[in-house]
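Following: one structure in structure tokens, then a few remarks.
2 protein chains.
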Amino acid sequence: MLSKKCKYAIHALVYLAERYQQGPVHIQDIAESQHIPKKFLEAILLELKNSKILHSKKGKGGGYYLYKSPEDVSLVEIIRLMEGAISLLPCVSINYYEPCEECRDEKTCGIRDAFSIVRDETLRVLSGSTLAQIVKRERELGKK
Amino acid sequence: MLSKKCKYAIHALVYLAERYQQGPVHIQDIAESQHIPKKFLEAILLELKNSKILHSKKGKGGGYYLYKSPEDVSLVEIIRLMEGAISLLPCVSINYYEPCEECRDEKTCGIRDAFSIVRDETLRVLSGSTLAQIVKRERELGKK
DNA sequence: GTTAATTCTACAAAATTAGTAGACTTTAAC
DNA sequence: GTTAAAGTCTACTAATTTTGTAGAATTAAC
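In structure tokens, the structure reads:
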């Protein structure tokens, strides 16, 4: 299961993607509309800014806005930032690889196979799912 | 990422699958060979027994043994028992469904799609991965 | 220079995960 | 029937992670 932090990040980013290139948005706005504790959201947005997904403008009339184009921000990227590895086992992770403590011999471990495939499929689906697609999908669903 | 508890369960079950129909195995044996704290393992095995995957024999010469056939125990079943839902969001879970707090309207939520597909793919792969297959795979890899 | 916003550091509370202690029960061997 | 070796069960405790907060510092607009 994704953490609240990660879900908050996704919702905040979708909100900002809906307002792409319309100037900075107050943290307060995002927090209220998405029901996210403001102080917690601050920390999340800061992290997203530090990884160049968002930019911010300080002072009066300031706020956060999407820096990357919505087509270029995928769910994989967000989840990796907020949660770390995509894979279910450290020993099959691409970006966060670590040997399994429990495994005595990785070469003859019969468990890793299945989890490698799960990781590949998850990556395939989540990397194809961008903020732009999510916004588009919401607009389609909203019309009905 | 899977919890240690879940990884321990998988390793213990694979160990027991390798010894299927060879009588009860001591907790101690499993704990030592798989590097699992004995007391923690006790709790895990008990849970697996309560869900009819294992049986146990008490008293001298007792221990745990696989009750279900290794072909009938899949990784999905183990993970669901130890971790709960397979899906990354509660609102797309099959067995552990809950509405998302963050979502205001599930019908127009553009995020769920991708996570539904991830869930389906994960289920497909993990339900096809049984203890029997894992043991077979380990024996193949061991030969080389 | 006042006000409204983000930034940053440090902390605190809550929840979950991991692990332990120890008494109790059951069973088999002698 | 006594004893020893095993699982069973309840109740903790410790460690870690997640979630959330407080408050001062900084910045920019007016």
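Residue numbers (my numbering), protein chains in the order written: chain A, 72 to 215; chain B, 72 to 215.
Glycine included, every Cβ here is placed at the ideal spot set by N, Cα and C.
In this text the structure is predicted, and so the values were computed from the model without any measurement.
Min CB distance residue i to chain A below 8 Å
i                      : result
residue 200 of chain B : yes
residue 105 of chain B : yes
residue 90 of chain B  : no
residue 161 of chain B : yes
residue 173 of chain B : yes
residue 156 of chain B : yes
residue 144 of chain B : no
residue 73 of chain B  : yes
residue 96 of chain B  : no
residue 152 of chain B : no
residue 130 of chain B : no
residue 124 of chain B : no
residue 205 of chain B : yes
Residue i in three-state terms, based on DSSP
i                      : result
residue 97 of chain B  : coil
residue 134 of chain B : strand
residue 73 of chain B  : coil
residue 66 of chain B  : Absent from the model: residue 66 of chain B. The displayed extent of chain B is 72 to 215, so no value can be given.
residue 127 of chain B : strand
residue 14 of chain B  : No information on residue 14 of chain B is available, as it lies outside the stretch 72 to 215 that chain B covers here.
residue 175 of chain A : coil
residue 121 of chain A : helix
residue 107 of chain B : coil
residue 165 of chain A : coil
residue 140 of chain A : coil
residue 181 of chain A : coil
residue 155 of chain B : coil
residue 207 of chain A : helix
Classification of residue i by the beta-carbon crowding that lies within 10 angstroms, buried from 16 upward
i                      : result
residue 82 of chain A  : buried
residue 141 of chain B : buried
residue 167 of chain A : exposed
residue 80 of chain B  : buried
residue 132 of chain B : exposed
residue 114 of chain A : exposed
residue 104 of chain B : exposed
residue 210 of chain B : exposed
Near the ligand NAD: residue i beta-carbon under 7 Å from a heavy atom
i                      : result
residue 167 of chain B : With respect to small molecules bound, the structure shown includes none, and the ligand NAD cannot be examined in it.
Chain-order list of residues whose beta-carbon lies under 7 Å from that of residue i (same chain, five-residue window excluded)
i                      : result
residue 158 of chain B : 164, 186, 190
residue 91 of chain B  : 137, 141
Cβ neighbours of residue i in the same chain (closer than 8 Å, five flanking residues each side left out)
i                      : result
residue 77 of chain A  : 149, 150, 153, 154
residue 143 of chain B : 201
residue 88 of chain B  : 137, 141, 144, 202, 203, 205, 206
Test: residue i CB closer than 8 Å to a CB of chain B
i                      : result
residue 196 of chain A : yes
residue 117 of chain A : no
residue 100 of chain A : no
residue 185 of chain A : yes
residue 113 of chain A : no
residue 212 of chain A : yes
residue 139 of chain A : no
Beta-bridge pairing of residue i - partner residues as DSSP gives them
i                      : result
residue 201 of chain B : B/145
Sequence-distant residues of its chain with Cβ nearer than 6 Å to residue i (five each side left out)
i                      : result
residue 94 of chain A  : none
residue 169 of chain B : 161
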